[in-house]
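Notes follow once the structure below has been shown.
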Amino acid sequence: MWRTTRRFTMSSMRNLGMGKKHIEDKIIEELQYLTDKIEFYAGEKFKLKEFACGPTNITFAMLFGNRFDYTDPVYMQLLDLIDDIVILLGSPYLQLFNLYPTLAIFLKTHKIILEKIDKISNVLKTDIQAKRGKIDVNCLYTFIETIVAKQEKVMKMFSLWAWKSMWH
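Per the UniProt record's numbering, the sequence shown starts with residue 1, numbered consecutively.
Written out as structure tokens, the structure is:
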């Protein structure tokens with residue numbers, strides 16, 4: 001299963017411009033936004049977290065199809081959730097839970113991680129719902145569009161198979 005998923009992801013990313021001039025243009029565009037943001041501070045101190053906005057915005061542009069403004073509430077929510085999950089993944093409590101799953105009653109770290117992942121999933125589901133049915137299979141621009149197109153293709157194959165198997 002993971003090999004199929006990895007193969008699909010890698011081919012989709014290559015088709016979307018990974019390793020090509022197209023993605024270089026997105027990187028340069030995002031770098032310009034990031035340098036403008038740094039120049040805005042005019043030598044004053046600022047949070048290093050704002051450096052994370054550039055690379056994640058490039059990734060999100062490939063995922064969602066557009067870049068987010070650095071002050072966009074959905075973007076900030078996603079960044080905060082990802083930061084929280086990464087911090088919690090290094091938690092000694094989570095390592096204890098992985099070693100001794102019976103301690104789940106006392107250790108809540110894994111539940112917090114799952115709740116945060118669920119919140120990220122809800123953002124993705126909202127975007128997927130908005131794109132479903134509006135996708136041109138011959139012109140895919142985002143990773144979400146490739147996933148939706150693949151799902152629709154599989155569902156058509158499955159329904160065709162189910163239809164044929166009913167009559168045989």
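Using N, Cα and C, we set each Cβ at its ideal position, and we do this for glycine too.
Using a threshold of 9 Å, state whether the C-beta atoms of residue i and residue j are closer than that.
{"i": "Ile117", "j": "Ile85", "result": "yes"}
{"i": "Leu16", "j": "Phe106", "result": "no"}
{"i": "Val123", "j": "Val74", "result": "yes"}
{"i": "Arg67", "j": "Lys26", "result": "yes"}
{"i": "Phe60", "j": "Leu78", "result": "yes"}
{"i": "Phe46", "j": "Lys150", "result": "no"}
{"i": "Leu81", "j": "Ile120", "result": "yes"}
{"i": "Ile58", "j": "Ile23", "result": "yes"}
Determine the direct distance from the alpha carbon of residue j to that of residue i, and round the result to whole angstroms.
{"i": "Pro101", "j": "Lys108", "result": "11 Å"}
{"i": "Arg132", "j": "Cys139", "result": "14 Å"}
{"i": "Trp163", "j": "Lys153", "result": "Model confidence at Trp163 stands at a pLDDT of 49, short of 50, so the residue's coordinates are unreliable; what they give is reported in the following sentence. In a straight line, the C-alpha of Trp163 is about 15 Å away from that of Lys153."}
{"i": "His168", "j": "Ile28", "result": "Low per-residue confidence applies at His168: pLDDT is 44, beneath 50, and the placement is therefore not dependable, though the value from the model is reported in the following sentence. Approximately 57 Å, taken between the alpha carbons."}
{"i": "Thr71", "j": "Arg14", "result": "30 Å"}
{"i": "Gly43", "j": "Lys37", "result": "11 Å"}
{"i": "Leu48", "j": "Lys156", "result": "47 Å"}
{"i": "Trp2", "j": "Ser12", "result": "15 Å"}
{"i": "Asp83", "j": "Val137", "result": "34 Å"}
{"i": "Gly54", "j": "Asp69", "result": "10 Å"}
Could you tell me which of the options sits nearest to residue i, measuring between CA atoms?
{"i": "Thr146", "options": "Ile58, Lys45 and Ile135", "result": "Ile135"}
{"i": "Met130", "options": "Gly65, Ala104 and His110", "result": "As written in the sequence, residue 130 is Ala, which differs from the Met given in the question. Comparing Cα positions, the closest option is Gly65."}
Decide if residue i is buried, meaning its Cβ has at least 16 other Cβ atoms within 10 Å, or exposed.
{"i": "Phe40", "result": "exposed"}
{"i": "Thr5", "result": "exposed"}
Specify whether the region 92-105 and the region 17-34 touch according to this definition: at least 3 beta carbon pairs, one from each stretch, less than 8 Å apart. no
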